[in-house]
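J.: The numbering used here numbers the first residue of the sequence shown as 650 and each following residue consecutively. We put the beta carbon where it would ideally sit given N, CA and C, even for glycine. Supplied in structure tokens, the structure appears directly below.
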Amino acid sequence: MKLKVFSTVIFFLFSGYKLWAQHSISGYVYSLQDSASVQKECSVYLNKEKKLYITDAKGKFVFNDLPNGTYTIQVISSDLDKYAVQTVVVAGDDVELKMFLDVRNTTLNEVVVTETASDFGFTHMGAVEGMGIYEGKKSEVILTEKLVANTATNNARQVYARVAGLNIWENDAAGLQLGIGGRGLDPNRTSNFNVRQNGYDISADALGYPESYYTPPVEAIERIEIVRGAATIQNGA
């Protein structure tokens, strides 16, 4: 009878020791750039026990019921670099960690996008430029630097030669006045076009006497924009 009692006591003593040896590892995940910023929804992996925990809104994780031993913890995040820490769980003590992750920086290779900007100084306006919409509208752009023409003499026939539908009239022999007409209209002194320089009207009176004050020299012009059709309404023409 006494032997049975002794066996029962020994069994309960060892059972209690096994229960007391269960501990926990907990901690918080922070950003290395901002120690006050917690990182939520990070995957925390406990290698030895093969347990996975997702950090909560406060950046906290916890692993319970761990026996004594050495554990490796790894944190994985889509925006941050991996961080691994090794810790030893001591009998009778729980472990609390603070883990800091660095932002994942990736250096990409250079990407060069090439496209034909113009065809011998002649191109078209983009779909949207500034406050204007030119998608599907009839518009041309002349890039004077790439133009194959004698720009020193303001030769209008050479400058506007590739613009379809223009009537060019040269009657002053000096290039001082520009004579351009469109759609069969009279080209005399460009009376059927609204001439602007840098967005400003250079005509004496756009409605009464539409002759421009002067013709800017082609060598001083970077680009010439010719807008026709419905797109001209945006400029009040």
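Please report how far the alpha carbon of T802 lies from the alpha carbon of V762, in whole angstroms.
T.: Within the sequence shown, residue 802 is the residue found at index 153, counting from 1. Within the sequence shown, residue 762 is the residue found at index 113, counting from 1. Their Cα atoms are separated by approximately 37 Å.
J.: Can you tell me where the beta strand (DSSP E) with Q723 in it begins and where it stops?
T.: Reading the sequence shown from its first residue, position 74 is the one you call residue 723. Where Q723 is concerned, the enclosing beta strand (DSSP E) stretches over G718 to I725.
J.: Hey, how far is the Cα of A805 from the Cα of V752?
T.: Here residue 805 is taken as the residue at index 156 of the sequence shown, counted from 1. Here residue 752 is taken as the residue at index 103 of the sequence shown, counted from 1. Going by the C-alpha atoms only, they are around 60 Å apart.
J.: Helix, strand or coil for E871 per DSSP?
T.: In the sequence shown, residue 871 corresponds to position 222, counting from 1. In the structure shown, E871 sits in coil (DSSP, three-state: anything other than H, G, I, E or B).
J.: Measuring CB to CB, does D850 end up less than 8 Å from N843?
T.: Here residue 850 is taken as the residue at index 201 of the sequence shown, counted from 1. Here residue 843 is taken as the residue at index 194 of the sequence shown, counted from 1. Cβ atoms of D850 and N843: closer than 8 Å.
J.: Looking at T793 and I875, is the spacing between their C-beta atoms short of 8 Å?
T.: Reading the sequence shown from its first residue, position 226 is the one you call residue 875. Reading the sequence shown from its first residue, position 144 is the one you call residue 793. In this structure, T793 does not lie closer than 8 Å to I875 by Cβ.
J.: Could you pull the start and end residues of the alpha helix (DSSP H) that A805 belongs to?
T.: Walking along the sequence shown from the start, residue 805 turns up at place 156. Note, A805: alpha helix (DSSP H), A805 to V808.
J.: Among M780, L746 and V790, whose alpha-carbon lies nearest the alpha-carbon of G708?
T.: As a position in the sequence shown, residue 708 is number 59, starting the count at 1. The shortest C-alpha separation from G708 is found at L746.
J.: Thinking R703 and S692 are a contact (beta carbons under 8 Å), I'd like their distance in whole angstroms, please.
T.: For the purposes of this step, residue 703 is identified with residue 54 of the sequence shown, where counting begins at 1. For the purposes of this step, residue 692 is identified with residue 43 of the sequence shown, where counting begins at 1. A small correction: the amino acid at residue 703 is Ile; Arg does not occupy that position in the sequence shown. Yes, they are in contact, since the Cβ atoms of I703 and S692 sit about 6 Å apart, within 8 Å.
J.: Among the candidates K697, S852 and M748, whose CA atom is the shortest distance from the CA of K689?
T.: Stepping through the sequence shown from its first residue, residue 689 is reached at position 40. That would be M748, whose Cα lies nearest to the Cα of K689.
J.: Pop quiz: R678 and L750 are said to be a contact at Cβ under 8 Å. What is the actual Cβ separation, rounded to whole angstroms?
T.: The sequence position of residue 678 within the sequence shown is 29, counting from 1. The sequence position of residue 750 within the sequence shown is 101, counting from 1. Rather than Arg, the amino acid found at residue 678 in this sequence is Val. The pair is a contact, with the Cβ atoms about 6 Å apart (cut-off 8 Å).
J.: Give the DSSP-derived three-state secondary structure of E745 in the structure shown.
T.: The count along the sequence shown starts at 1 and reaches residue 745 at position 96. Three-state DSSP puts E745 in a strand.
J.: Across which residues does DSSP place E778 in a beta bridge pair?
T.: By one-based count along the sequence shown, residue 778 stands at place 129. According to DSSP, which records beta bridges pairwise, E778 is partnered with G781.
J.: Take L729 and list the residues in its own chain whose beta-carbon comes closer than 8 Å to its own, dropping the five residues that flank it on each side.
T.: As a first step, residue 729 is located in the sequence shown; it is residue number 80 there, counting from the start. Answer for L729: S680, Q688, C691, L750, D751, V752 and R753, listed in chain order.
J.: Could you give the distance in angstroms between the alpha-carbon of K795 and the alpha-carbon of R845?
T.: Here residue 795 refers to the residue found at position 146 when the sequence shown is read from its first residue. Here residue 845 refers to the residue found at position 196 when the sequence shown is read from its first residue. Going from the Cα of K795 to the Cα of R845 covers about 22 Å.
J.: Less than 8 Å between the CB atoms is what I'm expecting for N696 and T721, so what's the real figure, rounded?
T.: In the sequence shown, counting from the first residue as 1, residue 696 sits at position 47. In the sequence shown, counting from the first residue as 1, residue 721 sits at position 72. Yes, they are in contact, since the Cβ atoms of N696 and T721 sit about 4 Å apart, within 8 Å.
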